[in-house]
Amino acid sequence: MNIKELIRWFREYVYYYNLFIPEENDYDDDDGENNTRKDPRIILKHQLYATRLYVPLLIMTVYIVTFIVVIIPPTQQISISNITPLLFNQLYRDHGETLSCSCSSINIPYKSFVINTISFHPVCSSVFVSKEWIQALYSPYVSAFLVMDFRKTASSQVSKSFG
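This note's numbering applies: residue 32 is where the sequence shown begins, and numbers increase by one.
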């Protein structure tokens, strides 16, 4: 068998290849409802056309699915525990559409990133704003003091400056 015969044999094999060969009972001419005869040559011709359409479509589908499987990387699930706010923001920027949290709620305790350090202004922490000092300004015995004494006019001065 030389190469020309091999090519001719392969061409005829492909040309007459039929995937849809009917079984013996499919050749029956009596359909029950319609008594028209079907020509076996026309049936064979339609089967060959269907095979010629089906085989390339099947090959293309397998090729496309294989290409997609090879090109698209598989999904990886990575679990990170004890996540920091900086890391969460970084992951959200990089993988926002695919990021998911396995916990029931996304929350971070305030104590992990908020520190309260209270420091008062020196005036606010002085003795002159204490409760005792303010009560002394409104003392009922201010009439006993001289006009030059600050305690006599203190309540009106404080009211004027804040009012």
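Note that the Cβ used here is the ideal one computed from N, Cα and C, for glycine as well.
May I ask you to report which of helix, strand or coil DSSP gives residue i?
i                 : result
phenylalanine 119 : helix
leucine 177       : coil
isoleucine 114    : coil
leucine 88        : helix
threonine 129     : coil
tyrosine 172      : coil
phenylalanine 159 : helix
valine 96         : helix
From residue i to residue j, what does the alpha carbon distance come to, in whole angstroms?
i                 : j                 : result
isoleucine 114    : valine 145        : 16 Å
phenylalanine 119 : serine 112        : 11 Å
threonine 97      : glutamine 121     : 34 Å
tyrosine 94       : serine 131        : 33 Å
serine 187        : phenylalanine 181 : 10 Å
threonine 148     : valine 160        : 21 Å
tyrosine 169      : histidine 152     : 25 Å
valine 154        : valine 189        : 15 Å
tyrosine 85       : glutamate 36      : 27 Å
aspartate 70      : lysine 76         : 10 Å
glutamate 163     : alanine 175       : 19 Å
threonine 92      : isoleucine 99     : 11 Å
leucine 89        : isoleucine 74     : 22 Å
asparagine 138    : glutamine 166     : 46 Å
asparagine 33     : arginine 39       : 10 Å
aspartate 125     : lysine 142        : 27 Å
valine 101        : proline 53        : 37 Å
threonine 106     : glutamate 128     : 13 Å
leucine 178       : lysine 191        : The residue you asked about is not leucine; residue 178 is valine in the sequence shown. Cα to Cα, valine 178 sits roughly 18 Å from lysine 191.
Give the single residue among the options whose Cα lies nearest to the Cα of residue i.
i             : options                          : result
leucine 79    : Tyr47, Val189, Met179 and Pro153 : Tyr47
proline 171   : Lys183, Ala81 and Trp40          : Lys183
glutamine 108 : His77, Lys142, Ser133 and Val158 : Ser133
proline 140   : Val100, Pro116 and Ile165        : Pro116
proline 87    : Phe176, Val45, Phe41 and Val158  : Val45
Using a Cβ-Cβ cutoff of less than 7 Å, which residues in the same chain neighbour residue i once the five nearest sequence positions on both sides are dropped?
i                : result
phenylalanine 51 : Gln78, Ala81 and Thr82
valine 173       : Arg182 and Lys183
Short of 6 Å in beta carbon distance, which residues of its chain neighbour residue i, apart from the five on each side in sequence? Order them along the chain.
i           : result
alanine 185 : Leu168
Kindly list the residues whose CB is nearer than 8 Å to the CB of residue i, restricted to its own chain and excluding five residues on each side of it in sequence; keep chain order.
i            : result
tyrosine 123 : Leu130
valine 158   : Trp164
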